[in-house]
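Just below is one structure, and these are the notes that go with it.
Number of protein chains: 2
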Amino acid sequence: MEYRISDKLASLKPSAIREIFKSLTNPEIIAFAAGNPAAESFPTEFIQQKAAQILREKPVTALQYSITEGYPELRAAVKKRLSEAFGIDGGDDEVIITSGGQQGLELVCKVMCNEGDVVIAEDPSFIGALNGFRSNGAKVVGVEMESDGMNVGKLEKALRDNPKAKLIYIIPTFHNPMGITTSEEKRREIYRLAKKYGVIILEDNPYGELRFGGKNVPTIKSMDTDGIVAYCGSYSKVLSSGMRIGFLCAPKEIISKAVVAKQVEDVHTNILCQMICESFVTSEFYLPHLEKIRELYRRKCGLMLDGIKNCFPENVEYTSPEGGLFVWCTLPAAAELGEFVASALNEKVAVVPGTAFNCDVDAPSRSFRLNYSTPSDEQIVRGTEILGKILRKYR
Amino acid sequence: MEYRISDKLASLKPSAIREIFKSLTNPEIIAFAAGNPAAESFPTEFIQQKAAQILREKPVTALQYSITEGYPELRAAVKKRLSEAFGIDGGDDEVIITSGGQQGLELVCKVMCNEGDVVIAEDPSFIGALNGFRSNGAKVVGVEMESDGMNVGKLEKALRDNPKAKLIYIIPTFHNPMGITTSEEKRREIYRLAKKYGVIILEDNPYGELRFGGKNVPTIKSMDTDGIVAYCGSYSKVLSSGMRIGFLCAPKEIISKAVVAKQVEDVHTNILCQMICESFVTSEFYLPHLEKIRELYRRKCGLMLDGIKNCFPENVEYTSPEGGLFVWCTLPAAAELGEFVASALNEKVAVVPGTAFNCDVDAPSRSFRLNYSTPSDEQIVRGTEILGKILRKYR
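Those protein sequences? They're chains A and B, same order as listed. Numbered per the working numbering, the first sequence spans residues 2 to 396. Numbered per the working numbering, the second sequence spans residues 2 to 396.
Here is the structure:
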């Protein structure tokens, strides 16, 4: 039987990161390639106690069908935190609980884009989001990145050149894969351009709670007086990634359509874990827990940057994140990325080649992504040494 | 701001059942409108113990990112049960765990259908599936139902008339909303036609474990020697609907694309609950638990059919299910469905009007769906009495 796969899926490749993730079950590999939160960051004991309590006290609520919008108490908790910590007060906004931040991104595209419409994205960007857009038949157009965010001149050119642009997709805070943060000035300029060209901004902020250095920069959503920003968040990095709980905060009209789109994807998000999540984020343990994770990643990121400084040759460029999970390194012009990534894996260090994050899947790259949340401290030290040794070939 | 919603979502209405479900939080309403499993069918104590054990013994596996395909041990358990109880031995098939049966249906359409392609469905059919197809830009074409399944002559006509047909969507066992079962003869004929016209059958079997009367009929997937059947199942009716765990069994090539499509929807299904599910279905308690649920629904269905026999006038037709959750009733020609449904709700009995299940959203209906798994025994008796009183107006 020859299967006639739909056009939008036929051209879609599995995420390189997910494929690498499968190989990470090998404990001999130093996993700089993952995007996993540190295992020690999970509040296991709290989850254990709360799961037992919820199943004892509210078993039917926890196990029966629930509403698509999400557990009302969790939605309220999301709104409260968005207001208190992210300046999002949402006059005309509403919140829906999603099955991870990923689902929020995919739903916004499904709601806003017809096949052939354009999503403008940072280049490089998060591959899961780009593929989510492509799975809806949207075309991704990339805008070059600078150290403080998108090149806004090129963003305006992309908006002018693409009258079918419906979304600007952006990870302004601790960008994946680059680890950089878009400056406040650029955020205001991007907002201005979105408004001028009648395009919705999709602000992805899964790492927003993980600032361990530098100064807070306001979310783009907090500037949204025109109802043009859809904002996605996640509990994957601050509670548990396996639970698949995230949220989307957007103007009511977009949310009401996202509810319909979610209904036909999975009816609602796992309700037992929504309840566990709610009990955690409303407990007295949540803020100290966030502080503990920030401290953990501050240390791990510091270790990695120290390793890079000590072991990498000077012709390798790298970013210095103020939060999040990633450092982005760029090889000198003479180096060949594929060869480097293969050499590293041969020495049992897995990194993600920058090509995996390109908006244009066929474009070349000289960069690679390093993650410091998954490996142990010892692995970070040893892994950067090993990479350094390989990199010295390119001097 | 005027939002330009995508064409496929702009026309999609929220499921009438989901909307009715929201009103069901009113405890005064007798809920014949839901499709919820009986609350007493949840193995609460087992889930409680296993959740604690899993979080104690394998906390990182249960809380960290996992693979899109699903928890390997659960996939193995699904394959074993499909082979032992449903005749599905799957030479070239593979299994993926989905976020409820709903996601499996939506993924198969996303993988197989371009915008404008056609899904042929039983008419009436499960609204969640139909909207899932529409959300992918597919067109739904309905085929008239008889008491033993689709009118196969009309199915062939639909296949002939619609060269862009890619899927036949069918709930052959304890159909939702009608409660009927497609005969083995018709299943073989539907398979033959799908093969003849080069179309994939999407067999939806969420109630397959709930047979409480009559004789077993082989699944269409068990007849699949050509790799043309995709089969969806669910743990919503036998373990917990709130957990959102289902599965899709289909030819490898379809599954590999479904994995990519699922990756961009929710990365993977909640892993803690996948592990709880696996420990339950592989335990000694599972088969006795299934028997207990079947016995429960046998009694509840019997109560409802008794109530109908005793209280409904003879000009109201109804089906007599051998399993599943629903009875389908049809009013005499003189009656007006909308008026009846409103009168019933006024008397605090909620039923779903047949119009909610029509393939053609504007088509009329004289039928309504009754559910016997959600209401208490007492409510079934009282509710059928109340409906009977209203129905006598139409004699």
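Ideal placement from N, C-alpha and C gives every residue a C-beta, glycine not left out. Here the structure is a predicted model, which is why all the values come from computation and not from measurement.
{"Asked": "Close Cβ partners of B:H269 (< 6 Å) along its chain, the five nearest in sequence each way excluded", "Found": "S67 and T69"}
{"Asked": "Residue-level contact to chain B via CB, A:L291, 9 Å cutoff", "Found": "no"}
{"Asked": "Proximal chain B residues relative to A:T226, where beta-carbon distance stays under 9 Å", "Found": "The contacting residues do not exist; A:T226 stays about 11 Å from chain B at best."}
{"Asked": "Chain B within 9 Å of A:K9, Cβ atoms only", "Found": "yes"}
{"Asked": "Short-range partners of chain A found in the segment 55-77 of chain B, where Cβ spacing is below 7 Å", "Found": "L56, R57, P60, V61, A63, L64, Q65, Y66, S67, I68 and T69"}
{"Asked": "The segment 37-48 of chain A touching the segment 365-381 of chain A, judged by at least three CB pairs closer than 8 Å", "Found": "yes"}
{"Asked": "is_contact[B:P416, chain A] using C-beta, thresh 9 Å", "Found": "There is simply no residue 416 of chain B to check, as chain B begins at 2 and stops at 396 in what is shown."}
{"Asked": "Interface flag, A:A32 vs chain B, CB-CB below 9 Å", "Found": "no"}
{"Asked": "Cutoff 6 Å; reference B:K216; Cβ partners in own chain excluding five residues on either side", "Found": "none"}
{"Asked": "Within-9 Å CB hit, A:N177 to chain B", "Found": "no"}
{"Asked": "Pairwise C-alpha distance: A:C110 and A:G133", "Found": "8 Å"}
{"Asked": "Contiguous alpha helix (DSSP H) assignments of at least 4 residues, all confined to the segment 315-393 of chain A", "Found": "338-347 and 378-392"}
{"Asked": "Contacts around B:L273, its chain only, beta-carbon distance under 8 Å, and the 5 residues preceding and following it disregarded", "Found": "A52, I55, L56, A63 and L64"}
{"Asked": "Residues, ordered as in the chain, of the segment 150-169 of chain B that lie near chain A by beta-carbon distance below 9 Å", "Found": "K167"}
{"Asked": "Beta-carbon spacing of B:L211, B:I89 below 9 Å", "Found": "no"}
{"Asked": "Neighbour list for A:C114 in chain B, Cβ cutoff strictly below 7 Å", "Found": "S7"}
{"Asked": "Inter-residue spacing [alpha-carbon to alpha-carbon] between B:K196 and A:V265", "Found": "28 Å"}
{"Asked": "Rounded C-alpha distance that separates A:S126 from A:H290", "Found": "29 Å"}
{"Asked": "The segment 114-124 of chain A in contact with the segment 249-266 of chain A per 3-pair CB rule at 8 Å", "Found": "no"}
{"Asked": "Cβ shell of B:G389 (< 7 Å), same chain only, five flanking positions each side left out", "Found": "C312 and F313"}
{"Asked": "Neighbourhood of B:S184 by C-beta distance below 8 Å, restricted to the same chain and skipping five residues each side", "Found": "D149, G150 and V218"}
{"Asked": "A:P60 beta carbon less than 9 Å from that of B:T45", "Found": "yes"}
{"Asked": "DSSP-derived helix/strand/coil call for B:P73", "Found": "helix"}
{"Asked": "Start-to-end residues for the beta strand (DSSP E) that takes in B:F248", "Found": "G247 to P252"}
{"Asked": "Selection of the segment 344-374 of chain A by Cβ proximity to chain B, strictly under 7 Å", "Found": "none"}
{"Asked": "Residue burial classification, A:K394 (beta-carbon count within 10 angstroms, cutoff 16)", "Found": "exposed"}
{"Asked": "Option in A:G325, A:L338 and A:K222 with minimal Cα separation from A:G92", "Found": "A:K222"}
{"Asked": "Beta-ladder partner(s) of B:K140, from DSSP", "Found": "B:V119"}
{"Asked": "Pairwise C-alpha distance: B:D8 and B:V230", "Found": "30 Å"}
{"Asked": "Cβ pair count under 8 Å reaching 3, the segment 201-208 of chain A against the segment 165-174 of chain A", "Found": "yes"}
{"Asked": "Run of the beta strand (DSSP E) containing B:C233, from where it starts to where it stops", "Found": "V230 to S235"}
{"Asked": "Inter-residue Cα distance where the pair is B:S344 and B:I387", "Found": "10 Å"}
{"Asked": "Contacts of B:R193 in chain A (Cβ-Cβ under 7 Å)", "Found": "Simply none; closest approach about 15 Å."}
{"Asked": "First and last residue of the uninterrupted alpha helix (DSSP H) at B:T62", "Found": "P60 to L64"}
{"Asked": "Assumed close pair B:I98, B:G71 - CB separation to whole angstroms, cut-off 8 Å", "Found": "3 Å"}
{"Asked": "Those runs of the alpha helix (DSSP H) which lie wholly inside the segment 153-201 of chain B and span at least 4 residues", "Found": "153-162 and 185-198"}
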